[in-house]
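Under our numbering, the first residue of the sequence shown is numbered 2, with each subsequent residue one higher. The C-beta atom is built at its ideal place from N, Cα and C for all residues, glycine as well. Encoded as structure tokens, the structure appears first; notes follow it.
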Amino acid sequence: MSKQKKTFENREKPKLLVLHGPNLNLLGTREPEYYGRVTLEDINLGLARRAELAGIALETFQSNHEGALIERVHVALQQGVRYLIINPAGYTHTSIALRDALAGTGIPFVEVHLSNIFAREDFRQHSYFSDLALGVISGLGHQGYLLALEYLLNKINTD
Numbered sequence: 002m003s004k005q006k007k008t009f010e011n012r013e014k015p016k017l018l019v020l021h022g023p024n025l026n027l028l029g030t031r032e033p034e035y036y037g038r039v040t041l042e043d044i045n046l047g048l049a050r051r052a053e054l055a056g057i058a059l060e061t062f063q064s065n066h067e068g069a070l071i072e073r074v075h076v077a078l079q080q081g082v083r084y085l086i087i088n089p090a091g092y093t094h095t096s097i098a099l100r101d102a103l104a105g106t107g108i109p110f111v112e113v114h115l116s117n118i119f120a121r122e123d124f125r126q127h128s129y130f131s132d133l134a135l136g137v138i139s140g141l142g143h144q145g146y147l148l149a150l151e152y153l154l155n156k157i158n159t160d
């Protein structure tokens, strides 16, 4: 066996983390006119299947607590997570602390929103995260997560 092949076999899978903010555990039943009927479990399962096919280690994490999300971002840095997908949900418009955690770790991320935040109430149209994000996907429902994952898989393959 050549050295090159041995080195490739010993490499660790690239790691991605998907963070889901507050109230996303209620997907499927909470305001389906905005967020659809697909559950968070369904979204996570679809992401996990796609990541497995791509040979990527993917973890999902949801919390209704700002501090738990911040701690998970800090741990992601220690674990060598390469990219994040985040739906900050209600924290999109309020959490400077979560923004600072993402900025402080420097882990590149894609921001995802199920509903089109720019077509909703005025207070929902401002994000504390968008200017740091690689990109923002808004208003495409649960498919936005898969689009974000496809974008990051392409980035991993071309890095």
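So, with DSSP's three-state summary, where would you put residue i?
i, result
"residue 146", "helix"
"residue 58", "strand"
"residue 127", "coil"
"residue 82", "coil"
"residue 39", "coil"
"residue 65", "coil"
"residue 88", "strand"
"residue 13", "coil"
With residue i and residue j assumed to form a contact (beta carbons below 8 Å), what rounded beta-carbon distance in angstroms separates them?
i, j, result
"residue 22", "residue 88", "6 Å"
"residue 71", "residue 104", "Wrong, their Cβ atoms sit about 12 Å apart, outside the cutoff."
"residue 51", "residue 150", "6 Å"
Considering residue i, what are the terminal residues of the beta strand (DSSP E) in which it resides?
i, result
"residue 21", "16 to 21"
"residue 112", "110 to 114"
"residue 118", "Residue 118 -> no beta strand (DSSP E), and no H or E assigned at all."
"residue 139", "136 to 139"
Apply the 10 Å Cβ neighbour rule to residue i and answer buried if 16 or more other Cβ atoms are within range, or exposed otherwise.
i, result
"residue 154", "buried"
"residue 61", "buried"
"residue 130", "buried"
"residue 15", "buried"
"residue 17", "buried"
"residue 107", "exposed"
"residue 83", "buried"
"residue 159", "exposed"
"residue 119", "exposed"
"residue 30", "exposed"
Specify, as a first and last residue, the run of the alpha helix (DSSP H) that residue i falls within.
i, result
"residue 105", "97 to 106"
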